[in-house]
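Residue 0 is where the sequence shown starts when you use numbering that gives the first Met the number 0, and the numbers rise one by one after that.
For every residue, glycine included, the Cβ atom is placed at its ideal position computed from N, Cα and C.
Remember, predicted model here, so these are calculated numbers, not experimental data.
Step one of this worksheet: look at the structure below.
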Amino acid sequence: MLDASPVALLLLNNAGEIIYQNKHAEKLLLYSKEEVLGKELSFLFPKKFWGNYGSFFEKQLAQADWGLEGENKVFFAKKKNGNMFPVELGINSIQDQNENYMLLALHDVSDSKNASALFELVFESAPNAIILVEGTGKIVMVNKQAESLFAYQRKELLGKPMEILVPDRFKKHHPDLRREYHHKPATRPMGAGRDLFALRKDGAEFPIEIGLNYIARDSEQYVLASIIDISERKKTEQLFKDYTRKIEHKNQELEQFTYMASHDLREPLNSIIALLSLVTEDDSNQLSESVRYQFNLIEKSAYRMLELITGLVDYALLGNNEERKEVDLNMTMEHVLNDLNSAINKSKAEITIEELPSVKVYDIEMRLLFQNLISNAIKYRRPGVSPQIKISSQKNGAYYLFSVSDNGIGIAQEQQDKIFLLFQRLHQRKDIDGIGIGLAHCKKIVELHDGRLWIESEQGVGSTFYFSLPIEVE
Ligand code: ADP
């Protein structure tokens with residue numbers, strides 16, 4: 000008899016497993032009896048489409064609540080061929096002495112006759128709270144999300160002026176704003192530039208974002224408002240603002256500290272150097288060779304300290320007080336090669352430069368970047384091998400990707416992260432001169448331009464420094 004029924008039927012046992020499907024269900028879902036027997040309901044009704052009714056099946060299946068029995072609900076079902084379609088479910092419980100069963104009658108509502116059922120499904124399973132308001136401001140429809148967002152039951156909202164959802168301090172103006180909207184209706188976000196708040200039933204206010212849609216039907220006008228609670232986003236924004244303020248403050252402090260430190264540290268150093276030369280240049284002092292040698296060491300150290308302080312201050316001030324401007328990097332390169340002329344000649348370096356783009360950058364910093372990379376490529380050459388240096392660029396998505404490669408001594412993998420840190424060197428000064436600040440400068444410069452700097456290198460073969468710069472800059 001059941002097989003002859005024109006309605007698709009499924010029977011579930013206590014454990015929520017399908018224990019029977021009739022012929023019509025087989026035709027509708029395209030599964031054979033054997034394929035569905037013992038399967039859970041989610042096999043035919045994927046959980047991700049349970050939407051609002053998420054807990055509904057679970058409650059039903061837990062046998063705890065058969066309250067919705069007999070009510071018709073629309074769900075998405077999945078056929079064997081993967082097609083999804085809306086199904087109106089009639090649910091009935093059947094009890095015998097020891098067991099409860101659930102009988103599901105499935106009506107395919109994918110045809111247009113059942114468009115209203117489909118509309119309800121869409122309206123109810125929308126991720127946002129949705130409220131439909133008449134021209135007079137009366138609420139005529141709300142979905143489940145609106146109920147839970149405002150903590151009202153549906154019946155408490157329907158027919159009420161929508162101002163019950165508006166905090167007192169905005170209530171007075173709200174009808175005017177509503178009328179204004181009806182004069183100039185459009186699909187748009189509400190309250191552009193203003194912070195919007197809503198009122199929950201318990202009197203609590205919360206920040207919201209609203210999208211408005213104007214609907215005219217026959218002689219009636221409606222506004223469909225879709226509402227999102229943005230409390231979490233606002234909290235995060237506030238945290239972000241506080242954090243930014245703190246960082247700005249810390250930055251200012253650091254900048255002041257840098258100025259002070261550079262002045263206060265340089266002064267005594269300059270005095271030491273001046274005093275030293277007074278002593279060493281005065282012949283009447285008759286200094287012994289060894290004392291003269293030690294004075295010379297002190298002087299060298301003092302000069303080196305000056306160099307470090309200058310490097311540190313330069314580092315702190317990179318990108319300050321300057322505007323970005325469109326710069327032809329081919330010109331930048333010309334300047335850099337000019338400045339490095341003597342080092343290039345001395346080392347017999349061969350430098351190949353491909354056509355470079357024009358980019359909106361901090362001009363001086365960009366020069367410093369190329370200068371540091373190229374002078375390092377010359378400085379860290381292999382003994383007896385003249386440097387071959389290649390500079391190129393290419394477009395890579397939203398970025399230009401630049402590379403400066405050399406055939407120098409290279410850097411072992413495990414050392415590669417270290418070299419971008421301030422004052423980190425892999426060499427003794429007696430071998431190769433330097434203070435270990437060049438690459439830290441480079442990193443800061445690239446990051447100042449919202450790019451990234453990294454290295455690929457093989458010891459004894461050579462290194463390639465890559466950096467990216469965004470093509471579009473506001
Ligand atoms: P400095 O050259 O003053 O030591 P940098 O910050 O420019 O400071 O470089 C840090 C370290 O990275 C250098 O001491 C060197 O060991 C290594 N390095 C930098 N560029 C290269 C290169 N092109 N080839 C090999 N090693 C390099």
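Cβ-heavy atom distance, residue i to the ligand ADP, below 7 angstroms
i      : result
Leu274 : no
Ala439 : yes
Tyr379 : yes
Ala376 : yes
Arg366 : no
Asn406 : no
Gln423 : yes
Ile436 : yes
Ile343 : no
Asn250 : no
Ser462 : yes
Gly459 : no
Asn371 : yes
Ile410 : yes
Gly433 : yes
Ile444 : no
Ile308 : no
Ile418 : yes
His334 : no
His262 : no
His477 : Because the chain here runs from 0 to 473, residue 477 falls outside it and cannot be looked at.
Buried or exposed by the 16-neighbour rule on C-beta atoms within 10 Å, applied to residue i
i      : result
Glu452 : Note that residue 452 corresponds to Leu in the displayed sequence, not to Glu. Its Cβ being crowded by 16 or more others within 10 Å, Leu452 is buried.
Ser287 : exposed
Ser4   : exposed
Asn21  : buried
Ile350 : buried
Met0   : exposed
Lys443 : buried
Asn295 : exposed
Gln380 : First, the residue type needs correcting, since residue 380 is Arg and not Gln in the sequence shown. The residue is buried, with at least 16 neighbouring Cβ atoms inside 10 Å.
Asn340 : exposed
Gly383 : exposed
Ser244 : Per the sequence presented here, residue 244 reads as Arg, with Ser not at that position. Per the 10 Å Cβ criterion, exposed.
Pro386 : buried
Arg366 : buried
Lys429 : exposed
Glu364 : buried
His182 : exposed
Glu353 : exposed
Val460 : exposed
Ile90  : buried
Ser392 : buried
Integer Cβ distance of residue i from residue j, believed to fall under 8 angstroms
i      : j      : result
Gly409 : Ser346 : That pair is no contact at about 17 angstroms.
Lys359 : Val472 : 4 angstroms
Glu208 : Phe196 : About 11 angstroms separates the two Cβ atoms, so there is no contact after all.
Leu131 : Pro85  : That pair is no contact at about 21 angstroms.
Leu43  : Leu28  : 6 angstroms
Glu321 : Tyr361 : 5 angstroms
Ser474 : Leu400 : Look at the range of the chain in this structure, 0 to 473, and you will see that residue 474 is not part of it.
Val108 : Glu133 : That belief does not hold up - the Cβ atoms of Val108 and Glu133 are roughly 28 angstroms apart, past 8 angstroms.
Gly136 : Arg177 : 6 angstroms
Leu421 : Gln414 : Going by Cβ atoms, the distance from Leu421 to Gln414 rounds to 16 angstroms, so no, they are not a contact pair.
Leu307 : Ile431 : Between Ile431 and Leu307 the Cβ distance is about 17 angstroms, and since that is not below 8 angstroms, they are no contact.
Minimum Cβ-Cβ distance from residue i to chain C less than 8 angstroms
i      : result
Thr135 : Here chain C cannot be found, since the structure has a single protein chain.
Task: Inter-stretch contact at 8 angstroms, needing at least 3 Cβ pairs: the region 230-240 / the region 144-152 - done: no
TODO: May I ask you to verify whether the region 92-105 touches the region 8-17, counting CB pairs closer than 8 angstroms and requiring at least 3?
DONE: yes
- [ ] Answer yes if the region 17-33 comes into contact with the region 124-132, meaning at least three C-beta pairs across the two stretches below 8 angstroms, and no otherwise.
- [x] no
Task: Sufficient close CB pairs (3 or more, under 8 angstroms) joining the region 328-338 to the region 302-318 - done: no
TODO: Assess, as a yes-or-no matter, whether the region 402-418 is touched by the region 375-388 under the definition of 3 or more beta carbon pairs within less than 8 angstroms.
DONE: yes
Open item on the list: Check whether the region 269-279 and the region 249-259 are in contact - that is, three or more C-beta pairs closer than 8 angstroms.
Closed with: no
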